[in-house]
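In this text, residue positions in the sequence shown follow the numbering used here: the first is 68, and each later residue adds one.
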Amino acid sequence: MLRIDQSSQRFGGSVNKLHKPSVCPSAIHLISAPGRCPLTQREVKMSQVKQVGLLAAGCQPWNKDVCAASGDRFAYCATLAIYVYQLDHRYNEFKLRAIMSEHKKTITAISWCPHNPEVFASASADNLLIIWNVAEQKAVTRLDNTKGIPASLSWCWNAGDSVAFVSHRGPLYIWTISGPDSGVTVHKEAHSFLSDICLFRWHPVKKGKVVFGHTDGSLSIFQPGSKNQKHVLRPESLEGTDEEDPVTALEWDPLSTDYLLVANMHNGIRLLDSESLSCITTFSFPSAAASVQCLAWVPSAPGMFITGDSQVGVLRIWNVSRATPLDNFKLKKTGFHALHVLNSPPAKKSFCTNSPSKNHYTSSTSEAVPPPTLSQNQAFSLPPGHAVCCFMDGGVGLYDMGTKKWDFLRDLGHVETIFDCKFKPDDPNLLATASFDGTIKVWDINTLTAVYTSPGNEGVVYSLSWAPGDLNCIAGATSRNGAFIWDVKKGKMITRFNEHGKNGIFCVAWSHKDSKRIATCSGDGFCIIRTLDGKVLHKYKHPAAVFGCDWSQNNKDMIATGCEDKNVRVYYLATSSDQPLKVFTGHTAKVFHVRWSPLREGILCSGSDDGTVRIWDYTQDACINVLSGHTAPVRGLMWNTEVPYLLTSGSWDYTIRVWDTRDGTCLDTVYDHGADVYGLTCHPSRPFTMASCSRDSTVRLWSLTPLIAPLVVNILTDHNWDDIIGNTDRAMVPGAPPLLCGKISKDIKQELDKLSSDMRMKKLRWFSECFSPPGGSHNLWDLVAVINGQDDSLLPQNYGQGIMHMKHLVRFKTSEAQELTIVKMSKFGGGIGAPSKEERLKNAAEIHIRLGQIQRYCELMVELGEWEKALSVAPGVSMKYWKKLMQRRADQLMQEGNDDVIPYCIATGEVKKLVNFFTSRGQLKEAVLVAQLAMASLIRGNELELAVCVGTVLGESASKATHYVLELLARKYMTTATCFPSVAYRDLAARLLQMIPDNEILLAKLCAFYPGSSAEINDLHEKCGLPSLEECKELAESAHAEAEIFPAVKYYLLSPEPEKALPIGITYIKEQLSSPDWTVDSVYHILDLLSYIRTDRLILPKCSEERNELLILCGYIGALLAIGRQYSSIVPALYEYTSQLLKRREVAVPLQIEQLSVELEAWRACTYSLKVADNALYNPPSEAQKREYSQLLSRMSEEPIKGLEGPDYVTGSNLPSHSDVQISCFTGLRIQGPAFFLEDGKSAISLNDALMWAKVNPFSPLGTGIRLNPF
């Protein structure tokens, strides 16, 4: 079934969406999405709004070839976007790598290039064919007229740059993309078929051989030099009839030149010989009702293939030597749509030894027995491999056939444009979405999974509105079926409204103040207000279609509408008049949505097809601001519920903009959606987490907290309430810092005022939960409370579902274990998916651990050869037992000559997801280590404000980490070019540093860096308890005279002539580096201090020699620190930076370019073996390299804060973005996740790399002497 015209229809718009013409020539359209400003035309800056979550679309169920795989990647199609997943070798899991969305109509087929894993082709219902490059995430070339809609598409195996496609009854077209013969040709024989083509497949080995499957059940086979066979091999039962039995799947046998597997909808699967045109095997199913929708060969198991049923999600495993399935697994209630087996499955995780062959060594002691032997059929039926499974309800998953488990399953995704999204009024974790695919779905945004979906298909759902409070109902508006109310918990439609007839309803709004009233507006020009039982209260007639309506949040009888006649109207329900109270004119094209401000009475905004957002004041009867910036119609609109001037808008230009409505400035623009942005929403109790939805079929979650960062710091530093919470009049003063004016902040303050103790801890927790995006912050705070000794009775109900503290593991799992015990005691039948003995052992072991019988669990795990699992929970028995088990494992590894003897990290439950419990020489220094590691993961994710909150509450056990974060936060405010030298930001930085004990040096660095006038600097010195400028000069001179280097450097930096510190400090560092046994510690304290010299003094021409030397020394020491911290992605860049500066600038430092090169190669050779080995040959390091690397390590001391080793990984780094493609100037590769622009406005590096660089070298990679501030 093809859906040709629907996908590009937009309500209220024409079928073909027109963008404003772009200035770029058409070739560039392949790179810049239509309607976007090219990069050169817009100011480049790092987006402050952070993408923190993404709900991917599901796989469309209406075309056959919409799933493809290549190597460690697979792709599937929603209606208008292609999702590409790739194995992330670091975490051994598949991650969403890219979303390609340039098709404007339904995608009909995709095909991966067999010769180049970076390239695939896709076709769509508007006769368009696109060739994509995955690495560059862009369209490489396109064919605009395919002379019909391509139903199937395939690269020609014998030619690297040719793609074949076919529609209906042919002919087969071959598009040669490049070279002398480029262009489209027609296959000489493959045309004039008598039945439509379902799909076709080239032979992977026999050049030019191709087979077509038809809707009448027949095949057509062509090969050069042989007679063509058209419409042959129909299933026997169809011979002589006109019945159709479409070919649903078709694959050549990879081990034969002639054999072919074919599935027909009703007649099942056959293995055919394409030469003799005979059927070799007809496979039979356990039930006559089963029919096959898709099949795939298993590359790792010769002769083995899998099939997916069409009615129910049963995966069957077969071998060509047997006519019946070897095994059947019911994976889902809904039927399969597509199947693909990955050629190179992920390497097994080290603790997962599932295949029996791996367990041959079992144990070196008599305390565990060897694993049970498998029956022949069971051994036969475990092909190692991962199947990409797509289902008829849009679900997509990766199933590990060896372990019979999902690696991941994304259930119930929307497969079409998502027009609207709203949070449940009484639950900030539940988000509802309305889609073109005819459904409303409700998502848990902590786990990003669908928890409810509306029954049936409603056509197109344009809008939704939750019932107020806890009523658990959603009103929906559809294109042709009126409006409805869905009872979410009961799962059924309880009411329908048909007053608009068959006209499309574009908006539905349930009154916030009066739960009995619902408004709808429609293409028929009416806005209708009715009660729940269907009684019409008002019918407001407009001169044209009405697209949007919104109830006032301050007056229950006031509603505003947006109309096609370009006007905004306000109606008052308490009168009997059907005329509007006010009509606002000013837009130059149709008005879509309207939104009342939740915080400012009488203020509303409207978005229009003229590309602007207008702010109206009902009390003044006037437009008080026009927000211009979007280049296409505006759709989504959202006022912030706490900061009265913040307004967010989404547009058909693919962007989201955040506005300061006081002066109309655009604070931030987000370019990450791949198509029109329709809905924007946030929940009042989590006002800085926004959800957006789009024609790219995704829902994305964003954190707006960076926009109000000073406010967060005011809370951290325990500022006056007046600087945190205020009224709207104060907050609306132009240029005033942000203030919280909404309900949630006032509620938090009210609760805090009731407390007599623990107020600071609660304040930090409650505000952090209000500011933090979802996804574990509540769970983190629960763990913090447990570590701090909180009474267990105060833990929330859902605590047991998240990551638990070790001491609760046994107790929380007991009830679950009792159910499993009953299951274990019952007799296992031998039907579908009956467990093997190995699985029974595992089930038994899981029951033992859940019942708290940890020792028995450990022994069973040892029996299965899963030592790591046994060791990870053994301390739960006793430290003595753990040591004994460690000893047994060590003995066994020694017998095998294996180096990985000790130590093993200790983990419990699922804690590895957040915090690894470590051991130190066998003692669990639990609280301190857990605290430090929780802090480390927040620091590495750049969640600095949250880390300070958590660290402050954890107290002494996390103090080192907390002080480090406060220092980083202070750096953030000190070096913000736009803010510093503003007094507010300077004082903010000072307050943060004053929270650290022994802060004199840190405050000195702040004062040294501050570039104000003498009076301002002296004022700051006084606040920080430091001598005046002139006194510092005298102190510096006397320290210098007595050869006291550190105080001399410090006081010169704080004096009127800070540049005098440079020669003193640099001379000392050069002397140190000239001695053979220098260490980083011996020079870093001076180097770090010097780096805080004021930028305006550092770049003076008279300082050029010292500046160059300082930059080189910071680069080199930075490279060593990066090696120590395992920041491997920036180590080569730091060495290269240092070498380039040495080459280009006149300096006298004791560093040689050749020596730098030797060190870098030694580091590479000695750390390469630790990384995932590519196919490249691995050369072990030479003895000289080992010595060199060991010398490097000897210069470094141990990291004082546990867990900071390893790369930084900012939230959202793995989420695909549609921003313009940025190339890293470090690696030359495309930047995945957020990009950070350097001071020239052109050069970019990934935000992760920028954070790591700034932590080891404060100066920019461009060598300008400007400090880097990515925090």
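The beta-carbon is built from N, C-alpha and C at its ideal position, and this holds for glycine as well.
If the five residues before and after M560 are omitted, its C-beta is found closer than 6 Å to the C-beta atoms of F551, W553, all from its own chain and listed in chain order. R1254 counts as exposed, since fewer than 16 other C-beta atoms from the protein chains shown sit within 10 angstroms of its C-beta. Within the model, the alpha-carbon separation for V527 versus A368 is close to 44 Å. With contacts defined by Cβ atoms closer than 8 Å, L1036 and L1069 do not form a contacting pair. Every unbroken stretch of the alpha helix (DSSP H) spanning 4 or more residues and falling wholly within the stretch 785-820 is given here in chain order: 795-798. For M560, no alpha helix (DSSP H) run applies; the uninterrupted beta strand (DSSP E) run containing it begins and ends at 559-564, by DSSP. Shown here, M332 sits in coil according to DSSP, grouped into three states, outside any helix or strand. Note: W222 is bridge-paired with V230 in the DSSP secondary-structure output. If you draw a straight line from the Cα of P353 to the Cα of S345, it comes to about 24 Å. Taking G731 as the centre and dropping the five residues before and after it, the same chain places the C-beta of N692, L694 closer than 6 Å to its C-beta, in chain order. In this model, I1290 and F1303 are separated by some 11 Å (Cα to Cα). Take L952, set aside five residues on each side of it, and the residues of its chain with a beta-carbon closer than 7 Å to its own are C925, A937, L938, A941, in chain order. Note that the stretch 732-740 does not touch the stretch 698-706; fewer than 3 beta-carbon pairs, one per stretch, sit closer than 8 Å. Out of L322, L714, S191, the CA that lies nearest to the CA of N130 is found in S191.
Counting only the Cα atoms, I1153 lies some 14 Å from P1125. Non-local beta-carbon contacts of K1027 in its own chain, meaning distances under 7 Å to residues more than five positions away in sequence, involve P1267, I1268 in chain order. Looking at the DSSP output, L196 sits in a beta bridge with A190, L210.
For I854, the uninterrupted alpha helix (DSSP H) run begins and ends at 844-854, by DSSP. With a cutoff of 8 Å on beta-carbon distance, L1209 and L1201 are scored as not near each other. Here G1018 carries a helix assignment [DSSP, helix/strand/coil]. By the neighbour-count definition (other C-beta atoms within 10 Å, threshold 16), D617 is a buried residue. Within the same chain, and ignoring the five residues on either side of V119 in sequence, the residues whose Cβ sits closer than 6 Å to its Cβ are L768, S770, P840, T1278, G1279. Annotation for A1106: P1114, A1115, Y1118 place their beta carbon closer than 7 Å to its own, counting only its chain and skipping 5 residues before and after.
When DSSP assignments are scanned along the stretch 525-576, the uninterrupted stretches of beta strand (DSSP E) that are 3 or more residues long and fall wholly within it turn out to be 528-533, 540-545, 550-554, 559-564.
Our two residues, I507 and T520, have alpha carbons roughly 6 Å apart in a direct line. Taking a 10 Å sphere around the C-beta of S1142, we find fewer than 16 other C-beta atoms and assign the residue as exposed. Here the alpha carbon of I241 sits roughly 28 Å from the alpha carbon of Y152. Per the Cβ contact rule, the stretch 785-803 is not in contact with the stretch 522-540 (fewer than 3 Cβ pairs under 8 Å). Spatial neighbours of G615 in its own chain (CB-CB distance under 6 Å, excluding positions within 5 residues in sequence) are listed in chain order as C574, G629, F659, H660, V661.
The stretch 640-658 makes contact with the stretch 668-687, as at least three CB pairs between them are under 8 Å.
DSSP lists S716, T736 as the bridge partner or partners of R724. Separation of the CB atoms of V455 and T146 is rounded to 19 Å, and the pair is thereby denied contact status at 8 Å.
Each of T213, P247, S249 was checked against the Cα of L239, and the nearest Cα belongs to T213. Nearest neighbour of S388 by Cα position, chosen from P1301, F372, R236, turns out to be F372. DSSP places T500 in the strand class (E or B) of the three-state scheme. Leaving aside the five residues that flank D727 on each side, the residues in its chain whose CB is nearer than 6 Å to its CB run, in chain order, Y712, L734.
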